[in-house]
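Have a look at the structure below, then the notes.
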Amino acid sequence: MISSDRIPLNTINQREIDFFDNFGDWWSEDSELKGLREMNPIRVQYIMEQIKNSKPTLIAENPLFTPLQGLRIADIGCGPGFLTESLSRLGAEVVGLDLGKTNIAMARAHANNDPQLKNNLKNGKLVYMEASIETLLEDPRCLGSFDIVCSMEVLEHVDNPLEFVRLCSSLVKTDGHIFLSTINRTFASLFYMILMAEYVLRLIPIGTHHHRQFINPKRIISTLTTSQFVIKDLLGLKYNPVTRTWRFDNDTSVNYILHAIKQ
Ligand SMILES: C[S@@+](CC[C@H](N)C(=O)[O-])C[C@H]1O[C@@H](n2cnc3c(N)ncnc32)[C@H](O)[C@@H]1O
Ligand SMILES: [Mg+2]
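The sequence shown lines up with residues 15 to 277 when you count with the numbering used here.
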């Protein structure tokens, strides 16, 4: 697939997929997973700022407020489509892919409630696929075919996450972008993301995260660098449980997001 001289590692962790496929309506205000939706504005802001800073010409100048028009984006592990919908509204052609059957059904149903997104679904500018990245890559036309690949809060839920990063990176065009967000493997992430967020503040369901699956950004950076990417940015994300909002922070010891460009 990526290189014919090596056997690809399995990245699918069925237990994780089943876990995320059983949360009812993630879009609801009372969803136990509403924290992910609350994270969406800062991700969209990050993606737009990073693209503008590194390649202003990618942002289309047009009167329809669709600055991502003309770009092809893959959102891997899209859940019920929080980021996917935003990118579609901004004018991109987006493929949202997730192995959760209920998540993909929820994503399609939610998009069908909005006239613009419904139209995008109808004309194939917004596509949801119940599939793994491995399945997507079985179509050789997908290799190097996306301007932007995003995978947000997924790496800590797959097996062999660095293989998953390599698979994501193989979808990106030369000069294209990859955006990844996940959780660092530190004492701080054990304290904040598991003890505090799951057990004390009950911000996310107990059992959502496993510390051994958290990843140091250096490992992702090194994988991307050996896959011909130049790292453009690595930034921490901090959550305020009182205002229920996220902000950027230089501290990457818990949540972080990164951006790289393929050479
Ligand atoms: C924490 S959720 C993140 C959802 C979305 N990216 C967001 O941030 O709003 C993780 C998602 O990854 C999906 N997932 C986990 N492993 C996957 C895999 N190997 N292939 C596709 N999707 C996967 C799960 O089904 C789940 O929807
Ligand atoms: Mg997570």
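By construction, the Cβ of each residue, glycine as well, lies at the ideal position given by its N, Cα and C atoms.
Bear in mind that the values here come from a model prediction, so they are computed numbers and not experimental data.
Worksheet item: With respect to the alpha helix (DSSP H) encompassing F205, which residues constitute its N-terminal and C-terminal limits?
Response: Counting from one through the sequence shown, the residue named residue 205 turns up at place 191. Segment: none, F205 is in no alpha helix (DSSP H) and carries neither H nor E.
Item to complete: Rounded to whole angstroms, what's the CA-CA distance from Q277 to R216? Just pull it up for me.
Response: Position 263 of the sequence shown, counted from the start, is the residue given in the question as residue 277. Position 202 of the sequence shown, counted from the start, is the residue given in the question as residue 216. When the Cα atoms are used, Q277 and R216 turn out to be separated by approximately 42 Å.
Worksheet item: Is E52 near ligand 2, judged by its Cβ being under 7 Å from some heavy atom?
Response: Start at 1 with the first residue of the sequence shown, and residue 52 comes out as number 38. Every heavy atom of ligand 2 is 7 Å or more from the Cβ of E52, so no.
Discussion item. Just to confirm before moving on: does the CB-CB distance between S203 and S159 stay below 8 Å?
Written reply: The sequence position of residue 203 within the sequence shown is 189, counting from 1. The sequence position of residue 159 within the sequence shown is 145, counting from 1. The answer is no: Cβ separation not under 8 Å.
Worksheet item: Taking C-beta to C-beta, are F178 and R199 nearer than 8 Å?
Response: By 1-based counting over the sequence shown, the position of residue 178 is 164. By 1-based counting over the sequence shown, the position of residue 199 is 185. With contacts defined as CB atoms closer than 8 Å, F178 and R199 fail to qualify as a contacting pair.
Item to complete: Keeping to the same chain, check which residues put their C-beta closer than 7 Å to that of V163; ignore five residues upstream and five downstream.
Response: In the sequence shown, residue 163 corresponds to position 149, counting from 1. Closer than 7 Å at Cβ, skipping near neighbours: A88, I90, C182, L185, V186, I192.
Discussion item. Using only Cβ atoms and a threshold of 7 Å, which residues come within that distance of a heavy atom of ligand 2? Order them by chain position.
Written reply: Any heavy atom of ligand 2 counts here; residues with a Cβ closer than 7 Å to one of them, in chain order, are E167, E170, H171, I197, T222, H223.
Worksheet item: What is the rounded straight-line gap between the Cα of E30 and the Cα of K252?
Response: In the sequence shown, counting from the first residue as 1, residue 30 sits at position 16. In the sequence shown, counting from the first residue as 1, residue 252 sits at position 238. The alpha-carbon atoms of E30 and K252 are separated by roughly 24 Å.
Item to complete: Out of V58, L47, G190, T149, state which residue places its alpha-carbon closest to the alpha-carbon of I26.
Response: Here the question's residue 26 lines up with position 12 in the sequence shown. Of the residues V58, L47, G190, T149, the one whose Cα lies closest to the Cα of I26 is T149.
Discussion item. Going by C-alpha to C-alpha distance, which of E144, P154, C156, W260 sits closest to P55?
Written reply: Counting from 1 along the sequence shown, the entry for residue 55 is found at position 41. Taking each of E144, P154, C156, W260 in turn and checking the Cα distance to P55, the smallest one comes out for W260.
Practice prompt. From the DSSP output, in three-state form, read off D153 for me.
Written response: In the sequence shown, residue 153 corresponds to position 139, counting from 1. Secondary structure at D153: coil, using DSSP grouped into helix, strand and coil.
Practice prompt. Would you grab the beta carbon distance between N127 and I197 for me? Rounded to a whole angstrom, and I think it's under 8 Å.
Written response: Translated into positions along the sequence shown, residue 127 becomes position 113. Translated into positions along the sequence shown, residue 197 becomes position 183. With a contact defined as Cβ atoms closer than 8 Å, N127 and I197 miss out at about 31 Å.
Worksheet item: Quick one, are the C-beta atoms of N24 and N174 less than 8 Å apart?
Response: Locating residue 24 in the sequence shown gives position 10, where the first residue counts as 1. Locating residue 174 in the sequence shown gives position 160, where the first residue counts as 1. Closer than 8 Å, so yes.
Item to complete: Decide if the stretch 50 to 68 is in contact with the stretch 96 to 103; the criterion is three or more beta carbon pairs, one per stretch, under 8 Å apart.
Response: At 8 Å Cβ cutoff, the stretches touch.
Fill in: Closer than 7 Å: F228 CB and nearest ligand 1 heavy atom
Counting from 1 along the sequence shown, the entry for residue 228 is found at position 214. F228: no, Cβ never under 7 Å from ligand 1.
Discussion item. Does S195 come out as helix, strand or coil in the three-state DSSP assignment?
Written reply: If you number the sequence shown from 1, residue 195 lands on position 181. The answer is strand: DSSP assigns S195 an E or B state.
Practice prompt. Select from L140, L157, K139 the residue whose C-alpha is nearest the C-alpha of I147.
Written response: Looking up residue 147 in the sequence shown gives position 133. If we check each option's Cα against that of I147, L157 comes out closest.
Practice prompt. Give the DSSP bridge partners of I245, in chain order.
Written response: Numbered from 1 along the sequence shown, position 231 holds the residue referred to as residue 245. I245 is bridged by DSSP to A274.
Practice prompt. Using three-state DSSP, classify A121 as helix, strand or coil.
Written response: In the sequence shown, the residue the question calls residue 121 occupies position 107. Three-state DSSP puts A121 in a helix.
Practice prompt. Kindly examine ligand 4 and report whether one of its heavy atoms sits closer than 7 Å to the Cβ of E30.
Written response: With respect to ligand 4, the structure shown offers nothing to examine, as its ligands consist of ligand 1 and ligand 2.
Worksheet entry | As assigned by DSSP and simplified to three states, the class of T200 | Position 186 of the sequence shown, counted from the start, is the residue given in the question as residue 200. Shown here, T200 sits in coil according to DSSP, grouped into three states, outside any helix or strand.
Worksheet item: Since M143 and L101 are thought to touch, with beta carbons under 8 Å apart, how far apart are those beta carbons, to the nearest angstrom?
Response: As a position in the sequence shown, residue 143 is number 129, starting the count at 1. As a position in the sequence shown, residue 101 is number 87, starting the count at 1. That pair is no contact at about 15 Å.
Worksheet entry | Cβ distance (whole Å) where D35 is taken to contact K115 below 8 Å | As a first step, residue 35 must be located in the sequence shown, where it is residue number 21. As a first step, residue 115 must be located in the sequence shown, where it is residue number 101. Their Cβ separation, rounded to whole angstroms, is 6 Å, which keeps D35 and K115 in contact under 8 Å.
Worksheet item: Between C92 and S165, what straight-line distance do the alpha-carbon atoms span, to the nearest angstrom?
Response: As a first step, residue 92 is located in the sequence shown; it is residue number 78 there, counting from the start. As a first step, residue 165 is located in the sequence shown; it is residue number 151 there, counting from the start. Their Cα atoms are separated by approximately 7 Å.
Item to complete: Look up C164 in the DSSP assignment and say whether it is helix, strand or coil.
Response: Reading the sequence shown from its first residue, position 150 is the one you call residue 164. In this structure, C164 counts as strand in the three-state DSSP scheme.
Fill in: Of the listed residues E43, E46, H225, K69, nearest to F201 (C-alpha basis)
To locate residue 201, count along the sequence shown from 1; it is residue 187. When each option's Cα is compared against that of F201, the closest is H225.
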